[in-house]
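For the sequence shown, the numbering used here gives the first residue as 79, with consecutive numbering after it.
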Amino acid sequence: MSIDLSTINYPIKNNLKTIIHVPANHFLLLLSETIPWEEYAQVAIEDLYSDRKKSGKKLNIRLHLGAFLLQTIFRWTDRELEENLKYYSPARIFCGIKNEQVSYDHSAYVKFRNRLSDETASKFNISLLKVASRKGFTGAAFVDVDSTVQEANIEYPADIRMMQSVFRKGVKLLKGLSEAGSSTARNLLSFFDKKSTEKLFKSYFFATKSIKGFELKVQVFSEAHKISKMMVEAILSIQNKLKGYVLPWNFKKDNEQLTCIAPTLLNQINHFIKYGEVAPNKILSLHASEVKCISKGKAGKPYEFGRKFFIGRLPGNYSFTMTDNEYALEDSASLEKVLNNFEEIFNESPKSISGDQAFWSRQNLKACENKKINEIGICPRGHKNWKIDESKVEEMAARRSKVEPIIGHLKRRGMGKSKMKSDVMTRLDGQRSSLSLNLSRLARDLSNVELKWAG
């Protein structure tokens with residue numbers, strides 16, 4: 079092999095220009111010509127100006143929508159997005175950035191994304207599926223249904239840990255106020271011995287697995303509840319004086335949690351101490367309110383904490399996702415809402431449906447019959463008979479199993495354990511996962527390029 083050293087010292091000058099040729103069949107160019115931008119813009123505008131007037135500098139909606147979709151496909155970080163929109167030509171064309179136009183700072187894209195709701199992401203996905211259907215890449219021939227849990231970004235919701243968090247937040251707030259000159263906060267802080275209380279919490283976590291250790295845990299748990307209750311009462315007693323302070327954002331957030339959430343939480347813990355059973359509508363986190371305890375009967379993972387999503391696999395391995403305001407809608411009562419979501423996309427019911435035993439119920443079967451579905455391939459429970467011919471049982475079982483890889487892709491694209499702190503952004507991430515997968519599928523079908531590295 080010969081070596082060419084002629085360009086080893088290639089000169090870099092300020093006026094050096096590089097001409098890049100982007101082929102017309104590049105998948106991002108084909109995708110940009112297919113996406114219904116005007117429809118997306120109208121949907122986004124409803125979110126952008128739902129709580130503010132149209133004033134100030136005009137927003138380049140195409141650039142921001144393109145950035146949102148690119149980040150949805152490739153899961154770029156905010157700084158990677160900024161870098162690629164500066165120097166990656168196909169991405170610049172996708173976002174409609176002109177030759178000399180400079181893209182924005184990454185914080186501008188974050189602000190735009192934070193103003194979009196999960197319903198908007200769902201509408202984006204529905205519009206995209208309609209486009210894919212018109213092009214013949216998917217359709218209403220069948221739907222295979224399953225459910226999964228998007229776990230919330232919270233620690234395991236043990237009551238002792240939440241009481242410890244209440245105590246620490248209270249100490250932090252009182253200490254900050256006393257340093258700012260509040261004598262009342264300084265006096266209240268003197269009633270709490272932080273060192274001995276932290277030692278008390280530590281003794282709970284390191285108690286031995288024996289009868290003596292169990293008795294110690296019961297004693298510590300009760301004592302921790304009393305201390306946490308005293309802390310909340312102390313914070314509540316100074317609320318009138320806090321009106322004279324402009325609290326930093328983190329102190330303001332802690333104060334809201336201690337005054338609005340902690341009292342209810344401690345009442346629920348007191349209910350458990352008295353009656354030995356969990357109170358209804360149990361609070362599982364101080365910062366995430368839309369979290370439910372969901373049991374799907376998994377080996378080694380009996381309980382999951384988050385929000386349940388229903389997945390529909392469509393022809394061409396496209397998908398749609400649906401969640402419910404109950405956050406933990408049972409599979410046995412879900413198909414009517416799933417089918418309504420399907421009809422919103424295709425304006426008709428599927429000709430065939432499949433699902434596992436969890437979806438077998440009178441309510442679901444009746445919903446399928448009301449929608450006049452020809453093939454109801456839901457796996458029966460116990461010794462009950464299938465609703466289809468025996469010759470098609472194996473086909474339905476194989477089809478239903480193909481939902482699992484789809485769920486795996488969605489987990490990688492935002493449906494897995496969320497990294498978002500707020501409920502709103504967690505919901506948005508869940509809906510974006512399906513949009514991400516469908517954008518990749520559409521790019522594949524338009525250009526015959528499999529985006530294995532996307533997501």
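Every residue gets a Cβ at the ideal spot worked out from N, C-alpha and C, and that includes glycine. Predicted model, so just to flag it, every value in this text is computed and none were measured.
| Asked | Found |
| --- | --- |
| Around the C-beta of M240, are 16 or more other C-beta atoms found within 10 angstroms, so that it is buried, or is it exposed? | buried |
| Could you spell out the range, first to last residue, of the alpha helix (DSSP H) harbouring M400? | Careful: M400 lies outside any alpha helix (DSSP H), inside the beta strand (DSSP E) at 397-400. |
| So which of S274, I289, D271, F299 has the shortest CA-CA distance to F283? | F299 |
| F398 and L207 look like a contact to me (Cβ under 8 Å); what is the Cβ gap, rounded to whole Å? | 6 Å |
| Take T262 and list the residues in its own chain whose beta-carbon comes closer than 7 Å to its own, dropping the five residues that flank it on each side. | I316, K319 |
| With a CB to CB cut of under 7 Å and the five nearest residues on each side skipped, what residues in its chain are close to A169? | L106, L148, N162, L163 |
| Do the region 166-185 and the region 135-155 meet, that is, are 3 or more Cβ pairs less than 8 Å apart? | yes |
| Would you call the CB atoms of S306 and V249 closer than 8 Å? | no |
| Just to check, is the beta-carbon of V481 closer than 7 Å to a non-hydrogen atom of the ligand SAH? | Annotation note on the ligand SAH: not contained in the displayed structure, which lists no ligands. |
| Measuring alpha carbon to alpha carbon, tell me which of V227, D156, A219, V188 ends up nearest S511. | V227 |
| Below 7 Å CB to CB, which residues in the same chain sit around K360 once its five sequence neighbours on both sides are set aside? | Q346 |
| What residues in its chain sit with their C-beta under 8 Å from that of N231, if we drop five residues either side in the sequence? | A366, K495, S496, K497, M498, K499, T504 |
| If we count the other Cβ atoms within 10 Å of its Cβ and call it buried at 16 or more, is K444 buried or exposed? | exposed |
| Using the beta-carbon count (16 or more within 10 Å), is I389 buried or exposed? | buried |
| Any idea which residues DSSP pairs D384 with across the strands? | Just to set this straight, residue 384 is Gly in the shown sequence, not Asp. Partner(s): E229, K370. |
| Which partner residues of V223 appear in the DSSP bridge assignment? | G390 |
| From what residue to what residue does the beta strand (DSSP E) around G433 run? | 430-433 |
| Measure the alpha-carbon distance for V471 versus R391 and round it to whole angstroms. | 18 Å |
| Along the chain, which unbroken stretches of the alpha helix (DSSP H) at least 4 residues long are found entirely within the region 299-367? | 317-320, 327-334, 340-353 |
| Would you decide whether A302 is buried or exposed? Buried here means 16 or more other CB atoms lie within 10 Å of its CB. | buried |
| Per DSSP, what kind of secondary structure is G214 in: helix, strand or coil? | coil |
| Considering G144, what are the terminal residues of the alpha helix (DSSP H) in which it resides? | 139-152 |
| Looking at the strands, I want to know which residues DSSP matches up with I456. | G433 |
| In the structure shown, what three-state DSSP assignment does K444 receive? | helix |
| For the region 516-527 against the region 206-223, do three or more pairs of beta-carbon atoms, one drawn from each stretch, fall closer than 8 Å, so that the two count as touching? | yes |
| Go ahead and label Y88 buried or exposed: buried means 16 or more other beta carbons lie within 10 angstroms of its beta carbon, across all protein chains shown. | exposed |
| Just to confirm before moving on: does the CB-CB distance between M474 and S432 stay below 8 Å? | yes |
| Using 10 angstroms around the beta-carbon of A312, count the other beta-carbons present and answer buried if the total reaches 16, otherwise exposed. | buried |
| Does the Cβ-Cβ distance between D125 and R193 come in under 8 Å? | yes |
| Within 10 angstroms of the Cβ of Y381, are there 16 or more other Cβ atoms? Answer buried if so, exposed if not. | exposed |
| How long is the line joining the alpha carbons of K379 and S373, rounded to whole angstroms? | 8 Å |
| Can you tell which of I171, V221, I97, L159 has the C-alpha that lies nearest to the C-alpha of C446? | V221 |
| According to the Cβ coordinates, are E229 and G455 closer than 8 Å? | no |
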